Every structure is written in C-alpha cells, then in structure tokens.
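>
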Amino acid sequence: MAKYLIKAKYLAEGEKGLMHDGGTGRRAAVTKAVEALGGTVHDFYYAFGDVDCYVIVDAPAASAAFALTMAVNASGTVHVETIPLLTCEDVDEACHLHVSYRAPRAE
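Shown next as structure tokens:
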C-alpha cells in the first residue's frame, strides 16, 4: 500500500463539527472512512497555523486516496490536500531511471 499525507483545513461548519465531536471523534470518523476504502490511518495530528490537521494513511490504490479527497472536499466543511509519500527506496529507483526530456525552446 502507498502512503499519503493528508493536510486538512476546517472551514467554518467544519470547526463547529470539530468543537461538537472533539478531536478523538473526528479521528474516529476519518479512520472509519479510510478503513472502509481498505486503508489504515497511521498518524493523526492537529496543528496550529494554515493546516489544522495532518493525517498519514495507507491506501490500497491512488483511486481510493482520491475518492477520500473528493468526498471530504465535497462535504464543504473541510478542504483537504492529499500528497503521495515516497520511500527512500522509491527515490533511489527514480534516480536510476533514464528520462528522455527536452526542455521548452531547448535545442
């Protein structure tokens, strides 16, 4: 399974829901949604600043991670950004792949 970092920003109604459910209640709801897609939640943290919540999940496919992103964003209460995470070994593999690329206007 691939890992994803989910960055969440609560909108006004989402903040009201967080205040009602509490942090553990929202974590339980997210965990249930991720598990229903065949994934697992590894870490779940709240934070100060531009991002309210950071969640690291394993998802069985990119389509599952995207489905979660669309469902949460469509709720209108939270905006999430989902970022695929790469292992060091993934980067090693990428470093050894040959890419044939010509930059724009390059001769």
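With the first letter of the sequence shown counted as 1, position 88 gets the number 82 in the working numbering; the numbers rise by one all the way through. We put the CB at the ideal spot given by N, CA and C, even for glycine. On a predicted model such as this, the values are computed, not experimentally measured, just so you know.
1) Using the rule of at least 16 other Cβ atoms within 10 Å of the residue's Cβ for burial, across every protein chain shown, is Ile0 buried or exposed?
2) Going by DSSP, what residues sit across from Pro78 in a beta bridge?
3) How far does the beta strand (DSSP E) with His36 in it reach, from first residue to last?
4) Kindly confirm or deny that the stretch 68 to 82 and the stretch 0 to 10 touch, where touching means at least three C-beta pairs closer than 8 Å.
5) Secondary structure at His92, three-state DSSP: helix, strand or coil?
6) Quick one: residues in its chain with C-beta nearer than 6 Å to the C-beta of His36, no 5 flanking neighbours on either side, listed in chain order?
The relevant details are as follows:
1) On the sequence shown, residue 0 is found 6 positions in, with the first residue counted as 1. By the neighbour-count rule (16 or more Cβ atoms within 10 Å), Ile0 is buried.
2) The residue you call residue 78 lines up with position 84 of the sequence shown. Note: Pro78 sits in a beta bridge opposite Tyr(-2).
3) In the sequence shown, counting from the first residue as 1, residue 36 sits at position 42. Element bounds for His36: 34 to 40.
4) yes
5) As a position in the sequence shown, residue 92 is number 98, starting the count at 1. Coil at His92, not helix or strand.
6) Translated into the one-based positions of the sequence shown, residue 36 becomes position 42. These residues qualify, in order along the chain: Ile50.
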